[in-house]
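The next block holds one structure in the form of structure tokens; read it before the comments.
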Amino acid sequence: MPSFDTLAHANGLREALDQLDVWLARERETALDATLPVEERVSAGVAYSELVHTLRVHLGAARDALPVLETRQAYSPVAATGPERSPEAARLWAAAAAAESAAAVLSAVLQMLPLDGGRVRDRAALEDPHMDLGD
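Heads up: the sequence shown begins at 159 in this note's numbering, then just goes up one per residue.
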């Protein structure tokens, strides 16, 4: 069960994700608002698309830079042969668990990002952004 401190920080993560959701929703709605001038819609479409893309790049790079395999490989021989409750085993287990947990959090955030960035950007430039493009 998470500690109180963990839950307090989870609220910070939730607030950051809520703010991101507000930004994305605002730009997407502006990009697809047929009552606005095309230039304004295109600008919002580019902002939406670039924000989603750049977040994917940065979060993916951060996840991929984590030493998940290395820490798991360092812990495996100790877990198989050494005492389970030694300080060395605990340190290696903690490093592996931390890397795996951080990678899981980043992967979860990546999965929450919308997939329609390019489509919104392209539709924003149309006279009618809600026109059926057959896609």
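Where a beta carbon is used, it is the ideal one built from N, C-alpha and C, also for glycine.
Since residue i and residue j should fall inside the 8 Å C-beta cutoff, what is the C-beta to C-beta distance between them, to a whole number of angstroms?
i: A205; j: H288; result: That pair is no contact at about 19 Å.
i: E185; j: L209; result: 7 Å
i: L217; j: L171; result: Actually they are not in contact, since the Cβ atoms of L217 and L171 sit about 13 Å apart, beyond 8 Å.
i: P225; j: A257; result: 5 Å
i: L190; j: R281; result: 6 Å
Between which two residues does the alpha helix (DSSP H) harbouring residue i extend?
i: M270; result: P245 to M270
i: D280; result: G275 to A282
i: L227; result: V226 to T239
i: T212; result: V196 to A223
Expressed to the nearest angstrom, what Euclidean distance is found between the alpha-carbon atoms of residue i and residue j?
i: D274; j: A237; result: 44 Å
i: Y233; j: A220; result: 22 Å
i: L284; j: A223; result: 39 Å
i: R199; j: S207; result: 12 Å
i: L178; j: T239; result: 46 Å
i: L227; j: S244; result: 22 Å
i: T188; j: S259; result: 36 Å
Is there a C-beta anywhere in chain D that falls below 8 Å from the one on residue i?
i: A255; result: Given the protein chain composition of this structure (a single chain), no chain D is represented.
In the structure shown, what three-state DSSP assignment does residue i receive?
i: H288; result: coil
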